[in-house]
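Worksheet: the structure to be examined is printed underneath.
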Amino acid sequence: MKVTIFGAGYVGLVTGACFAEMGNDVVCVDVDEERIRALNAGQCPIFEPGLESLIAANVAGGRLAFTSTARTGVDHGTLIMIAVGTPPNEDGAADLTHVLAVAETIGTYMQASKIIVEKSTVPVGTADKIAKRVGQILEARGEQLQFSVVANPEFLKEGDAVNDFMKPDRVIIGSADEAATETLKTLYAPFNRNHDKILVMDARSAELTKYAANAMLATKISLMNELSNLAERVGADIEEVRKGIGSDPRIGYHFIYPGCGYGGSCFPKDVKALYHTAQDVSFDAALVSAVQNVNARQKQVLFDKIQRHFGNPLKDRVIAIWGLAFKPNTDDMREAPSVDLIEALIEGGAVVRAYDPAVGADAVEHFEESAFTAFEDRYAAVDGADALVICTEWNEFRSPDFGTLKERLTHSVIFDGRNLYDPELMAALGFTYYGIGRGVSLYAEGARV
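Residue numbering for the sequence shown follows our numbering, starting at 799 and increasing by one per position.
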């Protein structure tokens, strides 16, 4: 099948590479010419396990190509996917500028019937807007070409996106056009062999499903973080609580890990956009609003713990941070809790030394250079620091050499934003340890250092 994908970002690259791997003829279109040159050379501009080799193999096999020429993309694809960004406006609403610009491009250059697939995460009703815009352009051209618009939201986790695409939990097709639906079913058939994972519904329901899924997951995270703050104040251990409630099959263990807040390119943006959608129809989505507020507050928890321990101001304190990406197995720092923490530390007068196995030295551009240094070795980042803070649960942080940490830290203090370590073990090793929701009885209450 000839497939064109507008947008060579995270969703577009994973989608294009995986469809090409199954033998389809795929062209990705992007306005960034430097990115296009790199991709045609088999290089991947983002960190995602397994993606770079998949791109290189399919480029070499002639099944995957990249171009900055929009007309080439429109001419190529019988099926055209829109996978461009929908960043939030100042009021939190999703910005559809790029999506509708692609719709205009398709309407301008199409010379035959097309199936237009909405892959970007968009507000309810966007498929109708795309159809209206394409129709307006065709009418202005005096053309009467057939086209359908299908909502086909993605459900990819950063860090495991290739596996998610190859082995999907579900494939949602939002369309009332039977022919278009059958075409999409054929396209996804190689990913649907074990059992039928395809759910067909109307476009608006498909659009809302994407937002609802991310809002549900964000709600679970925020509720656990809310409970973790309560646990600290009543002397309970949230990790024991997590096991107790997770054993209930109605709740389960997924997405009930307390931490220092959620981030990334999806949850924050999509929760905001869902709340704005509710406002547009005069509905007060109180729970959705609360999820946002709880997460914003949770991103301040680590800074508050550091400030309580060392006192205020933090001038000339040196704080080591392990983990900059919002989650493991990605280099994505968008909305990451580490960003909020580092900005607060620097504003408070502290100096930050950071290490992340994927982000690397590129992190410097996000912060004031004189107060922030990125290291390529985790122990080098700790040298001379007053405390270590864990912001991302990378595997290599789970079992460090605690003897080396004690030697290199000026003070044996750990602020664990992901609850990687056992408080009793930390106390036995001589560390002052602060987790998330581990109960005030577990905290060392000694004098400030």
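Glycine included, each C-beta is placed from N, C-alpha and C at the ideal position.
Take the alpha-carbon of residue 830 and the one of residue 1073: they are about 32 Å apart.
Counting other Cβ atoms within 10 Å of its Cβ, residue 972 reaches 16 or more and is therefore classed as buried.
Between residue 815 and residue 853, the C-beta gap is smaller than 7 Å, which places the two residues in contact. Residue pairing for residue 826: DSSP places it in a beta bridge opposite 803, 864.
If you draw a 10 Å sphere on the C-beta of residue 918, you find 16 or more other C-beta atoms in it, and that means buried.
For residue 890, the CB contacts under 8 Å within the same chain, skipping 5 residues up- and downstream, are 1070, 1071, 1073, 1074 in chain order. Nearest Cα to residue 1167 within the set 1140, 1178, 928, 801: 1140.
Note on the segment 837-913: whole beta strand (DSSP E) runs with a minimum of 3 residues are 862-865, 877-880, in chain order.
Annotation: residue 1050 to residue 909 spans about 51 Å, alpha carbon to alpha carbon.
In the displayed model, residue 931 falls within a helix according to three-state DSSP. Cβ-Cβ separation between residue 1005 and residue 813: approximately 17 Å, too far for a contact (criterion under 8 Å). Per DSSP, reduced to three states, the secondary structure at residue 1055 is coil, with no helix or strand assignment. Bridge pairing for residue 915: 879, 948 [DSSP]. Secondary structure at residue 1042: helix, using DSSP grouped into helix, strand and coil. Here the alpha carbon of residue 850 sits roughly 10 Å from the alpha carbon of residue 811. The beta carbon of residue 1111 sits closer than 7 Å to the beta carbons of 1146, 1147 from its chain, once the five residues preceding and following it are set aside; these are given in chain order. Residue 1172 counts as buried, since at least 16 other C-beta atoms from the protein chains shown sit within 10 angstroms of its C-beta. In the structure shown, residue 1230 adopts extended strand secondary structure according to DSSP, grouped into three states. Under the three-state reduction of DSSP output, residue 1207 falls in the coil class, being neither helix nor strand.
A Cβ-Cβ contact shorter than 7 Å links residue 1104 with residue 1213.
With a cutoff of 7 Å on beta-carbon distance, residue 1124 and residue 1062 are scored as near each other. For residue 1122, the number of other beta carbons within 10 angstroms of its own is at least 16, and it is reported as buried. Cβ neighbours of residue 1040 within its own chain (closer than 6 Å, five residues either side excluded): 1054. In this structure, residue 1181 lies away from residue 1115, with their beta-carbon atoms at least 7 Å apart.
By the neighbour-count definition (other C-beta atoms within 10 Å, threshold 16), residue 954 is a buried residue. Judged by DSSP secondary structure, residue 964 falls within the alpha helix (DSSP H) whose first and last residues are 959-964.
About 13 Å separates the beta carbons of residue 966 and residue 820, which is beyond the 8 Å limit, so they are not a contact pair. About 36 Å separates the Cβ atoms of residue 857 and residue 887, ruling out a contact at the 8 Å cut-off. DSSP places residue 1108 in the uninterrupted alpha helix (DSSP H) bounded by 1099-1108. Contact between the segment 899-908 and the segment 854-873 is present: 3 or more CB-CB pairs across the two stretches fall below 8 Å.
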